[in-house]
Amino acid sequence: MVDRTLYRSMEVLQEHLDPLIHARVRLGIVSALAAGETLSFRDLKVLLSTSDGNLSRHTQKLEKAGYIKSIKSFQGRMPLTEYRLTSKGSKALLAYVEQMEHMLKVARTVNGSPKDDSYQ
Amino acid sequence: MHIQHGPVTRKDQSPENQATEHLRFIRDVMERSASFTAVPGWGMFVVGLTVLPATWIASIQNSSNDSLIVWFTQAAIAVIIGLWTLHRKAHKSGVSLTSGPGRKYILTLAPSMVAGLLFTIALWQAGNLDLLATLWLLLYGAGTITGGASSVRVIPLLGISFMVMGIISLFISPEWMYVLLALSFGGLHIGFGIYIARKYGG
């Protein structure tokens with residue numbers, strides 16, 4: 001009974017999760033930019049341990065949604081692409097974190113489990 | 121029940137653990153992002169090496185003014201080495217010095233360096249150079265702590281070490297001051313420089 005209630009509650013909450021952020025690489029990009037202000041393509045690649053193609057695909061998706069902004073310049077003769085989180089992206093990350101915290105709260109309430117703040 | 125498509129792919133976890141894992145993932149990425157360091161370890165190491173002969177040359181000068189000229193020359197060399205290696209490391213990492221961690225480090229360290237320079241000139245004009253070493257150590261330490269606040273933990277630790285040296289300088293006799301400067305600007309830079317270079321990519 002408890003499991004079924006929890007299942008339904010989580011299902012409802014999941015429907016409201018932002019699909020643009022709710023993916024490992026995209027969540028990583030947005031989180032990294034929230035802390036690092038401006039990061040280059042290479043920084044993000046190292047941070048998230050991903051390939052050029054994969055990162056490029058996800059950054060394009062986030063840029064198209066207006067969550068991040070790319071700044072293209074040259075460093076010497078080499079092209080340099082840097083990314084910055086937009087206010088829309090920042091709000092989306094905040095909303096995602098709040099939703100996750102809410103899910104956690106619901107799960108704890110239904111389970112009656114003690115509070116664990118170890119992720120904070 | 122699994123939180124679909126998120127960063128957590130283990131389906132055997134409870135929804136509570138999954139949500140915790142998602143939040144932990146965000147925190148970890150943010151921490152790693154903030155701990156990118158543009159501080160050049162090898163540059164710091166070379167600066168430390170150049171400080172050792174500079175300390176000896178300054179110590180054998182006949183007047184405080186001559187010693188100060190040696191220190192100014194050393195400071196100029198250190199700034200050139202520092203900026204060049206900072207630029208090299210940033211270039212190697214594909215980071216621009218005008219943005220990101222490098223920019224943050226320079227902007228937060230610069231006010232202390234400028235304050236140190238202005239105070240040095242003021243004390244030199246006043247003819248009172250007794251507290252110069254203390255001033256340099258404390259200001260450089262304070263600047264490094266703030267400069268490294270958004271960098272890897274070892275940078276603020278370097279700043280704290282300089283401030284501790286600054287405090288020690290208040291209690292030692294003037295003849296030991298050169299030894300303290302060699303140990304701090306030389307020794308600390310060499311030690312921390314090697315550590316940063318080995319652990320944080322140059």
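Protein sequences, first through last, are from chains A and B.
If you're matching positions, the first sequence starts at 1 in this note's numbering and goes up one per residue.
If you're matching positions, the second sequence starts at 121 in this note's numbering and goes up one per residue.
Using N, Cα and C, we set each Cβ at its ideal position, and we do this for glycine too.
Is Arg57(A) close to chain B, meaning its C-beta is less than 8 Å from at least one C-beta of that chain?
-> In the first sequence, residue 57(A) corresponds to position 57, counting from 1. Arg57(A) does not count as touching chain B.
Under 8 Å, do Ile275(B) and Gly286(B) count as touching if we go by C-beta distance?
-> Here residue 275(B) corresponds to residue number 155 of the second sequence, with the count starting at 1. Here residue 286(B) corresponds to residue number 166 of the second sequence, with the count starting at 1. No. Outside cutoff.
Give me the Cβ distance between Leu17(A) and Tyr96(A), rounded to the nearest whole Å; I'm assuming they're in contact under 8 Å.
-> As a first step, residue 17(A) must be located in the first sequence, where it is residue number 17. As a first step, residue 96(A) must be located in the first sequence, where it is residue number 96. Right, their Cβ atoms sit about 7 Å apart.
Answer with yes or no whether the minimum CB distance from Val149(B) to chain A is below 8 Å.
-> The sequence position of residue 149(B) within the second sequence is 29, counting from 1. Val149(B) counts as touching chain A.
Using a Cβ-Cβ cut-off of 8 Å, state whether Pro160(B) counts as contacting chain A.
-> Here residue 160(B) refers to the residue found at position 40 when the second sequence is read from its first residue. Taking Cβ atoms only, chain A never reaches closer than 8 Å to Pro160(B), which makes this a no.
So, does the CB of Glu15(A) fall closer than 8 Å to a CB anywhere in chain B?
-> One-based indexing of the first sequence puts residue 15(A) at position 15. Output row for Glu15(A): interface = no.
Outcome for Pro19(A) when other beta-carbon atoms lying within 10 angstroms are tallied against a minimum of 16 | Locating residue 19(A) in the first sequence gives position 19, counting from the first residue. Pro19(A) should be labelled exposed.
Using a threshold of 8 Å, state whether the C-beta atoms of Leu229(B) and Thr264(B) are closer than that.
-> For this step, residue 229(B) is matched to residue 109 along the second sequence. For this step, residue 264(B) is matched to residue 144 along the second sequence. Contact flag set, yes.
Do you know whose CA, among Gln181(B), Ile180(B), Trp191(B) and Ser184(B), lies nearest Val171(B)'s CA?
-> The count along the second sequence starts at 1 and reaches residue 171(B) at position 51. The residue from Gln181(B), Ile180(B), Trp191(B) and Ser184(B) with its alpha-carbon nearest to that of Val171(B) is Trp191(B).
Taking Tyr83(A) as part of the beta strand (DSSP E), name the residues at either end of that continuous run.
-> Counting from one through the first sequence, the residue named residue 83(A) turns up at place 83. Counting along the chain, the beta strand (DSSP E) containing Tyr83(A) begins and ends at Met78 to Leu85.
Verify whether the separation of the beta carbon atoms of Gly161(B) and Tyr315(B) is less than 8 Å.
-> Position 41 of the second sequence holds residue 161(B). Position 195 of the second sequence holds residue 315(B). Going by C-beta atoms, Gly161(B) is nearer than 8 Å to Tyr315(B).
Option nearest Thr254(B) by Cα separation, candidates Ser183(B), Pro231(B), Leu227(B) and Trp296(B) = Residue numbering aside, residue 254(B) sits at position 134 when the second sequence is read from its first letter. Cα-wise, what sits closest to Thr254(B) is Trp296(B).
How big is the Cα-Cα spacing for Ser183(B) and Pro294(B)?
-> Against the second sequence, residue 183(B) aligns to sequence position 63. Against the second sequence, residue 294(B) aligns to sequence position 174. Distance between the alpha carbons of Ser183(B) and Pro294(B): 14 Å.
Rounded to a whole number of angstroms, what is the C-alpha to C-alpha distance between Val167(B) and Arg208(B)?
-> In the second sequence, counting from the first residue as 1, residue 167(B) sits at position 47. In the second sequence, counting from the first residue as 1, residue 208(B) sits at position 88. Rounded to whole angstroms, Val167(B) to Arg208(B) spans 15 Å at the Cα level.
Would you list the one or two residues that DSSP bridges to Phe74(A)?
-> Against the first sequence, residue 74(A) aligns to sequence position 74. BP columns for Phe74(A) point to Pro79(A).
Just tell me which of Asn185(B), Ser134(B), Ala262(B) and Ser281(B) has its CA closest to the CA of Leu243(B).
-> Your numbering for residue 243(B) matches position 123 in the second sequence. Leu243(B) has its Cα closest to that of Asn185(B), out of Asn185(B), Ser134(B), Ala262(B) and Ser281(B).
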